[in-house]
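Everything in the sequence shown is counted per the working numbering, starting at 15 for the first residue and increasing by one. Ideal Cβ placement from N, Cα and C applies to all residues, glycine included.
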Amino acid sequence: MHWPIRHMALGLGLALVGSAQSPPETSPGHTCAQMEQFLRKGKVGTMREIPKGTTLPKRATLEYEDEKHDASIQAVDVTKPFQDTEHGAEMNFRDSWKYNVAGYELAKMLELNMVPPYIERNAGGQAASFSWWIDGTMMESDRVRKKIEPPDAASWNKQMHAVRLFHELIYDSDPNLTNLLITKGWQIWMIDFTRAFRMMKDVANPKSLLQCDRKLLARIRGLNKSMVKAKLSRWLTGPEIDGLVARAAKIAEHFDREIAAKGEAAVLYDLPRTSQACGSGL
Ligand SMILES: Nc1ncnc2c1ncn2[C@@H]1O[C@H](COP(=O)(O)OP(=O)(O)OP(=O)(O)O)[C@@H](O)[C@H]1O
Ligand SMILES: [Mg+2]
Numbered sequence: 015m016h017w018p019i020r021h022m023a024l025g026l027g028l029a030l031v032g033s034a035q036s037p038p039e040t041s042p043g044h045t046c047a048q049m050e051q052f053l054r055k056g057k058v059g060t061m062r063e064i065p066k067g068t069t070l071p072k073r074a075t076l077e078y079e080d081e082k083h084d085a086s087i088q089a090v091d092v093t094k095p096f097q098d099t100e101h102g103a104e105m106n107f108r109d110s111w112k113y114n115v116a117g118y119e120l121a122k123m124l125e126l127n128m129v130p131p132y133i134e135r136n137a138g139g140q141a142a143s144f145s146w147w148i149d150g151t152m153m154e155s156d157r158v159r160k161k162i163e164p165p166d167a168a169s170w171n172k173q174m175h176a177v178r179l180f181h182e183l184i185y186d187s188d189p190n191l192t193n194l195l196i197t198k199g200w201q202i203w204m205i206d207f208t209r210a211f212r213m214m215k216d217v218a219n220p221k222s223l224l225q226c227d228r229k230l231l232a233r234i235r236g237l238n239k240s241m242v243k244a245k246l247s248r249w250l251t252g253p254e255i256d257g258l259v260a261r262a263a264k265i266a267e268h269f270d271r272e273i274a275a276k277g278e279a280a281v282l283y284d285l286p287r288t289s290q291a292c293g294s295g296l
């Protein structure tokens, strides 16, 4: 199903808002390793339809060591030389669960606390990604449609600058507002990277990159081919890794130019982080 607002341009349109303080998420929740283990080992209950999205991921309740929690299960893996999409024709089209796992692993490398765990697991005889279900969220598409303003504009904008950067880094060819989930404490989570990780070596929307978290920029500078290959080659091809590494270098160069032109204070900021790569409160 497609909401009219689903595709409000993510590139330049990812809403920054104009400024009150909201509390950070309080629950320490699970560690990344605990959630990954749960998703790998949990007994999978009945698969239910998720009444949203185009590739029909499933939702199931998993049970492991007296704990129950839901997972979203995505088994799409389509490769076509050419595909008509909502964003125009695309060559070398690919829609794959593998990119969900690559997106999560990349976010961990960047220490970006904004992607819930995704792991690789077989579901009913098919390879798939399983992701930790984030309870009680609102989709950004609904926030925009209902005109709900974030209570803390500064915190929102810091997170949104990081979202923009991540989307440019992974070259998401289907960025849309149903793939940003907002918790009650106004933490933003990014999900669904099945149409990302294109082979392109250029950044699609450099103009959307206005500000950057210091740590994220340091991590982006540090991304090199051998480390990306070591961590992600199970899910990404050589040309996809080359594209990712080239875009990381271009994003770093972009911010170097911005800093030289506008000064550090106008460009760099510090995104509040937790010690857990998958954030707090899950
Ligand atoms: N881990 C999760 N936690 C909470 N909600 C989720 C999670 N995964 C998926 N959802 C919900 O299910 C919807 C559809 O899932 P998802 O975005 O993964 O698939 P999709 O939109 O069909 O994929 P595509 O856009 O590639 O076709 C999301 O918009 C979101 O509302
Ligand atoms: Mg989606």
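Counting the other CB atoms within 10 Å of its CB gives V281 a total of 16 or more, which places it among the buried residues. Secondary structure note for W146: its beta strand (DSSP E) is the uninterrupted segment 140-146. Shown here for H83: same chain residues with a beta carbon closer than 8 Å to its own, the five before and five after excluded, namely F52, G56, T75, L76, W146, W147 in chain order. Note on the segment 200-262: whole alpha helix (DSSP H) runs with a minimum of 4 residues are 228-236, 239-246, in chain order. Residue side-chain check: I205 places its Cβ nearer than 8 Å to a non-hydrogen atom of ligand 2. Straight through space, the alpha carbons of Q225 and L30 are spaced by roughly 11 Å. A distance below 7 Å between beta-carbons, with the five flanking residues on each side excluded, links Y118 to the following residues of its chain, in chain order: V129, P131, Y132.
By the C-beta density criterion, L246 is buried, having at least 16 other C-beta atoms within 10 angstroms.
For I87, the enclosing beta strand (DSSP E) starts and ends at 81-88. For the pair E154 and I202, the CB atoms are nearer than the 9 Å cut-off. For N136, the pairing in a beta bridge is given by DSSP as A141.
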